[in-house]
Amino acid sequence: MFGSRRRAASVSQHRVGKESSGKRKMSISHTPSMARRAEVDVKSAPSSGTASPALTSAIITISVGRDQRLFAAHEDVLCHSSYFQAVCKGQFFNSSARRIDLPDEEPEIFSSVLEYLYKGDYYPRLEHDKKRNSWRLEDASQGETTVYVNGMGMILKDTVIYCTAEKYGLDELKRLALRKQGLQSGIQCSTILASARYAYANTPDTDSKLRAHYLALIIRSRHTFKRSGTMQHEMEHGGKLFFDLFVAMCNHMDDLQGTKGRH
Numbered sequence: 082m083f084g085s086r087r088r089a090a091s092v093s094q095h096r097v098g099k100e101s102s103g104k105r106k107m108s109i110s111h112t113p114s115m116a117r118r119a120e121v122d123v124k125s126a127p128s129s130g131t132a133s134p135a136l137t138s139a140i141i142t143i144s145v146g147r148d149q150r151l152f153a154a155h156e157d158v159l160c161h162s163s164y165f166q167a168v169c170k171g172q173f174f175n176s177s178a179r180r181i182d183l184p185d186e187e188p189e190i191f192s193s194v195l196e197y198l199y200k201g202d203y204y205p206r207l208e209h210d211k212k213r214n215s216w217r218l219e220d221a222s223q224g225e226t227t228v229y230v231n232g233m234g235m236i237l238k239d240t241v242i243y244c245t246a247e248k249y250g251l252d253e254l255k256r257l258a259l260r261k262q263g264l265q266s267g268i269q270c271s272t273i274l275a276s277a278r279y280a281y282a283n284t285p286d287t288d289s290k291l292r293a294h295y296l297a298l299i300i301r302s303r304h305t306f307k308r309s310g311t312m313q314h315e316m317e318h319g320g321k322l323f324f325d326l327f328v329a330m331c332n333h334m335d336d337l338q339g340t341k342g343r344h
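Per my numbering, residue 82 is the first one in the sequence shown, and the count goes up by one each step.
Here it is in structure tokens:
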């Protein structure tokens with residue numbers, strides 16, 4: 082319904098956008114969103130989807146974000162998430178009003194999560210190209226790749242969805258978001274670095290997918306990043322991201338030396 086040593090691994094096919102001259106800051110351009118709206122009239126029942134064939138449970142109202150945008154969903158569908166299952170049974174759920182408040186969530190992100198819970202995917206959907214035996218995104222040129230996160234700026238949408246799926250206990254959604262992000266290209270350095278910081282702030286230290294994705298991406302595009310004024314600024318501020326990047330870079334260099342030694 083809509084309303085010891087670690088090696089950096091990655092599924093990304095990103096191509097990093099180069100920074101412009103001058104102040105060496107990169108502008109972020111994005112097209113008008115063509116995504117379907119997930120907001121619904123809470124008086125109307127959500128439509129059924131492939132993820133939940135029997136929609137007979139109670140309707141839950143969800144208030145999302147600072148503007149309290151309202152969504153509606155079937156309780157059984159929400160409870161595919163261990164997080165919402167606990168909320169519906171916990172003391173914070175008002176059983177008479179059947180309402181959940183999520184003031185810290187971004188409505189656009191929650192819309193995608195809800196779409197996934199009903200249909201097993203979110204816009205733009207993942208499509209398989211049988212001729213090339215590869216994956217692509219429908220209407221990839223029409224949808225926005227970034228979303229504004231309060232206090233963080235413009236962040237890659239799939240990264241925010243991945244982190245939200247982590248919080249809600251939706252492992253399949255995490256895998257889907259990571260695969261979709263790997264299909265993005267032409268992303269600016271500043272957006273990648275801001276998104277990497279967001280990923281580190283919103284995933285546990287045990288995360289071995291999204292964090293490694295960003296480390297591998299930066300290493301692979303190191304010739305672009307080393308000329309980036311944003312990269313210099315971020316490194317001066319430091320953080321765990323850059324220690325992990327140092328370790329991953331050392332591992333990468335060791336691998337290259339090992340390969341040369343065998344020839």
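Cβ atoms here follow ideal geometry from the backbone N, Cα and C, with glycine treated the same way. Quantities reported herein were computed from a predicted structural model and do not represent experimental measurements.
For residue i, is the classification buried or exposed, using 16 other Cβ atoms within 10 angstroms of its Cβ as the cut-off for buried?
{"i": "Asn214", "result": "exposed"}
{"i": "Asp185", "result": "exposed"}
{"i": "Asp220", "result": "exposed"}
{"i": "Ser177", "result": "exposed"}
{"i": "Gln313", "result": "exposed"}
{"i": "Ser133", "result": "Residue placement at Ser133 is poorly supported in this model, since its pLDDT is 45, which falls under 50; the coordinates still yield a value, given next. It is buried - the Cβ of Ser133 has at least 16 other Cβ atoms within 10 Å."}
{"i": "Glu317", "result": "exposed"}
Looking at the structure shown, is residue i part of a helix, part of a strand, or coil, going by DSSP?
{"i": "Asp182", "result": "strand"}
{"i": "His161", "result": "coil"}
{"i": "Tyr229", "result": "strand"}
{"i": "Thr287", "result": "coil"}
{"i": "Glu187", "result": "coil"}
{"i": "Ala139", "result": "coil"}
{"i": "Ser276", "result": "helix"}
{"i": "Ser177", "result": "coil"}
{"i": "Gly310", "result": "helix"}
{"i": "Tyr203", "result": "coil"}
{"i": "Leu257", "result": "helix"}
{"i": "Leu251", "result": "coil"}
{"i": "Ser302", "result": "coil"}
What's the C-alpha gap between residue i and residue j?
{"i": "Leu198", "j": "Asp335", "result": "43 Å"}
{"i": "Ser114", "j": "Arg303", "result": "Annotation note: pLDDT 37 at Ser114 (below 50); position unreliable, no value reported."}
{"i": "Gly234", "j": "Ile242", "result": "15 Å"}
{"i": "Val145", "j": "Asn332", "result": "42 Å"}
{"i": "Lys290", "j": "Glu253", "result": "13 Å"}
{"i": "Gly267", "j": "Tyr164", "result": "34 Å"}
{"i": "Thr143", "j": "Thr227", "result": "Per the sequence shown, residue 143 should be read as Ile rather than Thr. Looking at the two C-alpha atoms, the distance is approximately 23 Å."}
{"i": "Thr311", "j": "Phe323", "result": "13 Å"}
{"i": "Thr245", "j": "Gln262", "result": "15 Å"}
{"i": "Lys170", "j": "Leu159", "result": "12 Å"}
{"i": "Arg301", "j": "Leu237", "result": "19 Å"}
{"i": "Gln149", "j": "Pro205", "result": "25 Å"}
{"i": "Arg147", "j": "Asp239", "result": "21 Å"}
{"i": "Ala167", "j": "Glu189", "result": "23 Å"}
{"i": "Leu207", "j": "Leu337", "result": "34 Å"}
{"i": "Thr137", "j": "Arg260", "result": "32 Å"}
Report all residues from its chain with a CB closer than 8 Å to the CB of residue i; omit the five preceding and five following residues, and keep chain order.
{"i": "Glu247", "result": "Lys255, Asn283, Thr284, Pro285 and Asp288"}
Tell me which same chain residues have a C-beta within less than 6 Å of the C-beta of residue i, skipping the five on either side of it?
{"i": "Leu251", "result": "Ser162"}
{"i": "Tyr203", "result": "Ser193, Glu196 and Tyr197"}
Can you name the residues that DSSP bridges to residue i?
{"i": "His318", "result": "Its beta-bridge partners do not exist; DSSP assigns none."}
{"i": "Arg217", "result": "Glu208"}
{"i": "Met235", "result": "Tyr229"}
{"i": "Leu151", "result": "Ser144"}
Taking 7 Å as the limit between beta carbons, can you name the residues of its chain near residue i, skipping five residues before and five after?
{"i": "Leu296", "result": "Ala89, Asp325, Leu326 and Ala329"}
{"i": "Tyr229", "result": "Met235"}
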